[in-house]
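**Student:** Quick one: structure below, then a few questions.
As structure tokens, this is what we get:
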């Protein structure tokens, strides 16, 4: 080994859901993995649920099968339904193992209230959100905090009454504990909820205004990773069901996922580094190395394979320029998308149809390997999620589903390449502690 | 029927200025505006308080007007004006002989101007093109149009004046060569109203021709579109002008936490029917590059366009775009069209709004044979009595000093406090989030309304000012309004920001999927 050069079996670039899951699967199968990312990944901004397909149809699995058939360029069609099932299974397993179980199934849509009282169609949710499922029409109290800016119970309740025909009221808790606290963030409240005395204060105040409500919805700030315990304790205190509602970033449920997945990587001896710029080198049809730039120096790493999970135009994996150029930022791979900035967006922001900028991505082959400018596959690079073309996570409500499906699929492809594949590995093996 | 002495048509800076001036001179005055105040040209300009330097060589009348009013506005409207100062710089792309013409013309027109060494200019503005060869300091400033308009209206109200936003003029009652009444439509609530009046002042700016036509007094307006691009950073602290004959993309104005580059100049047939062309954006970025190397690679936030209320009289009928004078005219329709009690104020700049208002009300007094002197040049506007401009630093200081829940920030980008939003939300002139935006700069910073839109909607709803359906409509309108400005500059980090904002508003909040609403 040359001084300053390190070698890994696999280098995963990107710390979003697909990158974290791919790294976990690779490590679990015995690969030596290095995960490097420029930023903390998109989970910090997400709902913390697993969206699979949310167009109003009742069965996400059936929708994915249909999409795979009708849209051959959709990531679901490329990854396959099996990848989705196995990716979701692996994810659920890691979460359950960490004491933060997920509930729901690929066969039934879950309709959850949003922070403005609209309805979001998701698939799996953390157990801490389950009681909010709008299939259940039990009378509901929505509770917020008077000096927390990112949750407005009366507005939420007024909308939800109309949207879901549920008897729902909204109220602010004015808690002495929070008096004088400036600029409260979701993460501050999550910290407070880790404190049993604070929970008791919340419990007492909610009991006073509970009325006939049979469940109480809070913004998703009920503790950090121990949210399951926190929420169970609150249910005991309030003597009614309790559920969380995702609200503005920083997303506490998203951060929980990031933290749990990242810790599971560390346990599997994955080296994780966040906060660095990277540039890769391709020779012929093979990616050779990755240069990592940190303050004052550069280090070159080599690997047998690379997972490119850099998040497309939103995550920084693909950069769009005013002259219409689209640039893949690590390996400078060719990007599929219109080279005309006027063709990147629709006239309406809230358009129900996919935004062209979302559909920009890298050309890939059937094994999710990127194509170079001569349409040759780069044989040891695998592409996930938002780096893939032909989908719109937001309008499809499919972000986590595609991340898990493609994360699982690229891990399998990489393991094949490394000769490490074993049929039983990804789903059933237990995390090392 | 409503009865008043004077009806002012148009709620831009000029109309608001006329309302104040007429009310101060004892006329019972009512302003009608088809939209919210400051939504036409006044709210869609680059925010420059002209020193006049831009016009000294080619348009000396306008230059003299600008410097005179510049001095007056600093006195009466300090709360709306940031004293940034301005620089005229000669870049390698500019004719080097222009600088001497410029300096001489400044002397001739009375525009204060001091040549400073290039090194000093670069020290003052380190990002400036180091290849500049000359630099002149002038008293340019940055002006917040909505604050200025609101202060004029507030002052007018103190003198008994009234303003009706969201009232569109649909026609006039005409009897014996006089306009006896104005018909308006209540745009918000529906229904027609008639305002009986003694006098009508048309201050509709680029729309003055349309108003004139309704009154039977055709006015040949030449609306001139100008496009501007808002850059994410306060790239400069001083207004920067190219030292050459006015052209496209040669002014950079620091405004709050951002800076604005402008403009283009294109004649358009219809003041409402114009779009932003991609080449205009490219032009702004490439011209900006000549002033600030690296400019085009800086994050842009949004683009917008406004229409200049250009007017040319018969003698200069063939003038187009930049050749049309930026000076103003007060048209006496008694002489022109045989309508005794109707005048129009056309042309001009936001910087000269007060002078235009004065000229209009002077003509009104003259027509009626009254001697009532104008006092608007001396009496400070409400909020400007102590001569202080509240900068971003002041706003931050408020946030840090105040205690309790009221210091909650609804908008971190522009330091907008919850109490401010509540105060505006309670006002009867506030109908939606865009009204709050204009008042407080809500959603005008780097996050593009990503966080504050939801918060402001929640606050609005809580104050019971709006029903849930109306709140939803306000929220979605605000998002779409922002989108119009963002879409022309959607690349790089702006695109990343939008992908975060759509995660918030579509995925997390479901603002695209309200059921049973509307």
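Residue numbers (this note's numbering), protein chains in the order written: chain A, 12 to 444; chain B, 93 to 610. Even for Gly, the Cβ is constructed at its ideal location relative to N, Cα and C.
1) What residue from 79/A, 307/A and 238/A has the CA that sits closest to residue 202/A's CA?
2) Note down, in chain order, every chain A residue with its Cβ under 9 Å from the Cβ of residue 584/B.
3) On a Cα-Cα basis, can you pick out the residue from 428/B, 129/B, 577/B and 503/B that is closest to residue 296/B?
4) Excluding the 5 residues flanking residue 116/B on each side, which residues of the same chain have their C-beta closer than 7 Å to its C-beta?
5) Give the C-beta separation of residue 186/B and residue 331/B to the nearest angstrom, bearing in mind that I take them to be a contact with Cβ-Cβ under 8 Å.
6) Is the CB-CB distance between residue 226/A and residue 251/A below 9 Å?
7) Under 9 Å, Cβ to Cβ, is there at least one residue of chain B near residue 21/A?
8) Please check if any C-beta of chain B sits within less than 9 Å of the C-beta of residue 366/A.
9) Quick check on the burial criterion: 16 or more other C-beta atoms within 10 angstroms. Buried or exposed for residue 376/B?
10) Which bits of chain B does residue 259/A rub up against, with CB to CB less than 9 Å?
11) Run down chain B in chain order and give the residues with a C-beta less than 9 Å from the C-beta of residue 194/A.
12) Using a Cβ-Cβ cut-off of 9 Å, state whether residue 356/A counts as contacting chain B.
13) Buried or exposed: which applies to residue 295/A, given that a residue is buried once 16 or more other Cβ atoms fall within 10 Å of its Cβ?
14) Given this structure, state the Cα-to-Cα distance separating residue 426/A from residue 537/B, to the nearest angstrom.
15) Going by other Cβ atoms of all chains shown within 10 Å of its Cβ, with 16 needed for buried, is residue 314/B buried or exposed?
16) Between which two residues does the beta strand (DSSP E) holding residue 416/B run?
17) Answer with yes or no whether the minimum CB distance from residue 559/B to chain A is below 9 Å.
18) By how many angstroms is the C-alpha of residue 248/A removed from the C-alpha of residue 10/A?
19) Quick one: what does DSSP say residue 428/A is sitting in, helix, strand or coil?
20) Determine, using beta carbons only, whether residue 545/B and residue 571/B come nearer to each other than 9 Å.
21) Under a Cβ-count criterion, where at least 16 other Cβ atoms within 10 Å of its own Cβ denotes burial, should residue 234/B be classed as buried or exposed?
22) Quick check: is the beta carbon of residue 568/B nearer than 9 Å to any beta carbon in chain A?
23) Out of 180/A, 263/A, 293/A and 67/A, state which residue places its alpha-carbon closest to the alpha-carbon of residue 384/A.
24) Any C-beta of chain B within less than 7 Å: which residues of the stretch 123-155 of chain A qualify?
25) Would you say the stretch 93-111 of chain B touches the stretch 287-296 of chain B, given that touching needs at least three Cβ pairs under 8 Å?
26) Should residue 520/B be labelled buried (16 or more other beta-carbon atoms within 10 Å of its own) or exposed?
27) What number of angstroms, rounded off, separates the C-alpha of residue 85/A from the C-alpha of residue 258/B?
28) Can you pull the DSSP bridge partners for residue 236/A?
29) What in chain B is Cβ-close to residue 28/A, meaning under 9 Å?
30) For the stretch 203-234 of chain B, which segments carrying the beta strand (DSSP E) assignment without a break, of at least 3 residues, lie completely within its bounds, in sequence order?
31) Taking C-alpha atoms, which residue in 322/B, 596/B, 151/B and 170/B lies nearest to residue 58/A?
32) Going along chain A, which residues have a C-beta under 7 Å from residue 550/B?
33) So, are the CB atoms of residue 26/A and residue 273/A less than 9 Å apart?
34) Between residue 203/B and residue 166/B, what straight-line distance do the alpha-carbon atoms span, to the nearest angstrom?
35) Can you pull out the residues from the stretch 193-218 of chain A whose beta carbon lies closer than 9 Å to at least one beta carbon of chain B?
36) For residue 480/B and residue 398/B, I'd like the C-alpha separation in whole angstroms.
**Tutor:** From the atom records:
1) 238/A
2) 330, 331, 332 and 333
3) Residue 129/B is the option with its Cα nearest to residue 296/B.
4) The residues are 251, 467 and 468.
5) Actually they are not in contact, since the Cβ atoms of residue 186/B and residue 331/B sit about 17 Å apart, beyond 8 Å.
6) Result yes, Cβ atoms of residue 226/A and residue 251/A sit closer than 9 Å.
7) Not closer than 9 Å to any Cβ of chain B, the Cβ of residue 21/A fails to qualify, so no.
8) Closer than 9 Å to some Cβ of chain B, the Cβ of residue 366/A qualifies, so yes.
9) buried
10) One finds 542, 543, 546, 547, 596, 600 and 601 in chain B with Cβ atoms closer than 9 Å to the Cβ of residue 259/A, taken in chain order.
11) Scanning chain B for C-beta atoms nearer than 9 Å to the C-beta of residue 194/A yields 491, 499, 500, 501 and 504, reported in chain order.
12) yes
13) exposed
14) Spanning the two alpha carbons is a distance of roughly 46 Å.
15) buried
16) Per DSSP, residue 416/B belongs to no beta strand (DSSP E) and is neither H nor E.
17) Yes, because at least one Cβ of chain A sits closer than 9 Å to the Cβ of residue 559/B.
18) Outside the displayed span of chain A (12 to 444) sits residue 10/A, for which this structure offers no information.
19) helix
20) yes
21) Under this definition residue 234/B is a buried residue.
22) yes
23) 293/A
24) 125, 126, 127, 129, 130 and 131
25) yes
26) Exposed, because fewer than 16 other Cβ atoms sit within 10 Å of the Cβ of residue 520/B.
27) 47 Å
28) Residue 236/A pairs with nothing; no bridge assigned.
29) By Cβ distance, chain B contributes nothing, its closest Cβ being about 13 Å from residue 28/A, past 9 Å.
30) 226-230
31) 596/B
32) 163 and 166
33) yes
34) 15 Å
35) 193, 194 and 195
36) Near 29 Å, if we compare the C-alpha coordinates of residue 398/B and residue 480/B.
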